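Numbering (this note's numbering), first residue to last: 407 to 454. C-beta: ideal position from N, C-alpha, C; glycine also. Keep in mind the model is a prediction, meaning the values are calculated, not measured.
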């Protein structure tokens, strides 16, 4: 069954690529904080 091996290898490559992109996003978040965090805490909601 040649297709089963190819399918599993393809799935492994896909999951590896997914985890790699997640790692890149995490590193980017570490070095470049989002704008709201850089500005500081948001203002408190207006009281009613």
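Three-state secondary structure assigned by DSSP to residue i
i	result
residue 454	coil
Through-space distance from residue j to residue i, alpha-carbon basis
i	j	result
residue 449	residue 428	31 Å
residue 451	residue 432	30 Å
residue 435	residue 423	18 Å
residue 425	residue 418	11 Å
residue 453	residue 414	57 Å
Nonlocal neighbours in the same chain, by C-beta distance under 7 Å from residue i, ignoring five residues either side
i	result
residue 430	none
Same chain, Cβ closer than 8 Å to residue i, neighbours up to 5 away in sequence not counted
i	result
residue 420	none
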